[in-house]
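Quick notes on the structure that follows.
What follows is the structure, encoded as structure tokens:
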């Protein structure tokens, strides 16, 4: 037995040396009981490390120690999920020690979740949970196979007799099909509201809205001609416009207006969050738009546009709202405080889920 | 109409200015038809940018131009999926323009997928696709609700009469429950091998193996007492040891040996990839291990240990193999070229899927 003990000891040593070539494991972020947050970063070479976060008015400096551990503690912040990043000298990075990454194509930021004293609408609670499924569908419009995410509610039976309404939910510009679940906790918001009977059990489809280099209008075609048929042939769903909704944020909020308002026979609920509408597709659809308002208002049960007063698109969104009102389209504006953020996005979605399919 | 055109023009300008505060969208990585790869990075302040990648013997320098675009092209590389990162001055980062991130707790690397001239076993092919579902389960062992991923094969019916065998598949140290799908393409490997009838339709469960600060042995308890019961009460699965397999890589390869060999009544297939075994749990289980080899060999239909000859654990794994052979345990070593990499991991899994449940 002596032999194998000494082999094991040697192995322990060897493996520790090998793994030691990685930077040391440090804990970051640590959310403290008072809702302050401690961030840490390891570097023996950095001259300056700064914290940027959507919970901060301006960046905060870390303080480095001689062992290479940089630390900063942020005073208590309002419970929510926030994106943040580190600026190491001049390089902006995600927190290397935090698994939770903001799903995005252009930037790499991390996410910190500050739990509330009472559970928040987006928190993991002790309720029945739905499932998120990653699916592939063939887009005949785009000529490729693409991924989308499908939330099915607790108790969902793909072969049962219950048929479900469907919300098509679109991410923001440079986000991905994962952003609504990873950053927006769409599945947990749905789980919690369904458990409280504030939302009806529904399917939520989260496609990937970026069709570049094809024109944005091809995404509208992809939704109508490929995604909806894929969902309707693979899930037990209700197929009339009273049971089909579209919602989206930022670029996806603009896509929501394009997709929804040019297909009011298909979408009875159109919920646009802080829409970005300075696009060719929007100009083409709405610059000379002269809708039959009575018909649209009859088909669409609910049309909302949500925005925060600090959103950089606030003035633009107010003009969108005025334009639709000028065309006599029934519209429920939802104006809140806050900026162009996923903190607001989660609230917008929580509101929508309680308003649709009733 | 003039008014709304001018409003739109103003919006276009305003929004472009706002979005312009982000770094410019550049394309990286670009995989060229000859399998060379061009990487790009934008920085006006970096002094030096270097590429590190598992397709390189040593780091390569980018060349910067006056507009702040840094570029490097790597000569043709063997088709596969590789992790890589950029070293910007002294800061190692994921490629900001690449959505595909290596799911990991400690480092942030990107992934590049070089397609083969013929499709590879891990490539998205034109076959029927299974689903990956993200599920929550209550771990009574750990006292928390945790996430795991479940692959169900094409045609899976949760309420049908067909019952499936189950593979429990564990990631490496500092990886997450997403690493086997995001980096390992476990779902696509299964789709392709099932389509070719080289693998039987099966369920693959991918839990999160890190139970720190609890001792590693608690993960074994979590698998046995929480994960298996969760799967067996929520999926139509076969419950004898001939229809239950465990496999894992690195730290997860060590966990595979601990979980499998201490529960041979439950696992008929034990497939360990480049196991890291310098752990207390392994020492406790195997230092004074005197198994009833006949019984183990009867219960276990297949026990494999796979490793590459360039793996930093190669010598250690050879000693593991010798130890098991000394105990007269039937074992199929699977020695290949290559290192401690996810390129090898995918091959190990593709081999396992063809060997189990037949």
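Chains as they are written, first to last, in our numbering: chain A, 11 to 368; chain B, 11 to 368. All residues carry an ideal CB built from backbone N, CA and C; glycine is no exception.
Query	Result
Please classify residue 348 (chain B): does DSSP put it in a helix, a strand, or coil?	coil
Going by DSSP in three states, residue 185 (chain A) sits in which element: helix, strand or coil?	strand
Helix, strand or coil for residue 168 (chain A) per DSSP?	coil
Tell me whether residue 182 (chain B) is buried or exposed, calling it buried when 16 or more other Cβ atoms sit within 10 Å of its Cβ.	buried
Closer than 9 Å between beta carbons: that is the criterion. Which residues of the region 98-114 of chain A meet it against chain B?	98, 99, 100, 101, 102, 103, 104, 105, 106, 107, 108, 109, 111, 113, 114
Got a sec: which bits of the region 139-162 of chain A sit with their beta carbon under 7 Å from any beta carbon on chain B, in order along the chain?	139, 141, 142, 143, 144, 145, 146, 155
Any beta carbon of chain A sitting closer than 9 Å to that of residue 171 (chain B)?	no
Counting Cβ pairs closer than 8 Å, one from the region 110-118 of chain B and one from the region 54-67 of chain B, do we hit at least three?	no
Answer with yes or no whether the minimum CB distance from residue 364 (chain A) to chain B is below 9 Å.	no
Taking just the CA atoms, how far does residue 318 (chain B) sit from residue 166 (chain A)?	44 Å
Taking contact to mean at least 3 C-beta pairs separated by less than 8 Å, is the region 270-282 of chain B in contact with the region 196-216 of chain B?	no
Under the rule that 16 or more other beta-carbon atoms within 10 Å means buried, what is residue 67 (chain A), buried or exposed?	exposed
Please list, in chain order, the residues of the region 117-134 of chain B that have any C-beta partner in chain A closer than 7 Å.	117, 118, 134
For residue 107 (chain A), does the count of other Cβ atoms within 10 angstroms reach 16, so buried, or fall short, so exposed?	buried
Does at least one heavy atom of the ligand ADP sit under 8 Å from the Cβ of residue 218 (chain B)?	Questions concerning the ligand ADP fall outside what the structure shown contains, since it holds no ligand whatsoever.
Which residue marks the beginning of the beta strand (DSSP E) containing residue 113 (chain A), and which one marks its end?	Element bounds for residue 113 (chain A): n/a, residue is neither H nor E.
Quick one: Cα of residue 324 (chain A) to Cα of residue 289 (chain A), how far?	16 Å
Can residue 50 (chain B) and residue 39 (chain B) be called in contact, C-beta distance under 9 Å?	yes
At a Cβ threshold of 9 Å, is residue 71 (chain A) touching chain B?	no
Please confirm whether residue 163 (chain B) and residue 254 (chain B) have their CB atoms less than 9 Å apart.	no
Could you list which residues in chain A have their beta carbon closer than 7 Å to that of residue 35 (chain B), in chain order?	116
Whole beta strand (DSSP E) runs in the region 254-281 of chain B with 3 or more residues, listed along the chain?	254-259
Can you find a CB in chain A that lies within less than 9 Å of the CB of residue 18 (chain B)?	Unreliable placement is indicated for residue 18 (chain B), whose pLDDT of 39 sits below 50; the coordinate value is still reported in the next sentence. Chain A contact via Cβ: present.
Check whether the region 335-342 of chain B touches the region 299-318 of chain B, taking contact to mean three or more Cβ pairs, one atom from each stretch, closer than 8 Å.	yes
If I follow the unbroken alpha helix (DSSP H) through residue 198 (chain A), where does it start and stop?	196-205
Using a Cβ-Cβ cut-off of 9 Å, state whether residue 383 (chain A) counts as contacting chain B.	There is simply no residue 383 (chain A) to check, as chain A begins at 11 and stops at 368 in what is shown.
For residue 262 (chain B) and residue 292 (chain A), I'd like the C-alpha separation in whole angstroms.	50 Å
What are the partner residues of residue 157 (chain A), as DSSP defines its beta bridges?	A:146
Residues of chain B with CB closer than 9 Å to the CB of residue 167 (chain A), please, in chain order.	168, 169
Would residue 53 (chain B) count as contacting chain A if we go by Cβ distances under 9 Å?	yes
If you follow the beta strand (DSSP E) that residue 102 (chain B) is part of, which residue opens it and which one closes it?	101-103
For residue 79 (chain B), I'd like the list of residues in its chain whose CB is within less than 7 Å of its CB, leaving aside the five on either flank, ordered along the chain.	36, 50, 52
Would DSSP call residue 359 (chain B) helix, strand or coil?	helix
Out of B:306, B:301, B:337, B:284, state which residue places its alpha-carbon closest to the alpha-carbon of residue 351 (chain B).	B:284
Please report the distance separating the alpha-carbon of residue 366 (chain B) from that of residue 122 (chain B).	30 Å
Closest to residue 152 (chain A) by C-alpha separation, out of A:136, A:161, A:221, would be which residue?	A:221
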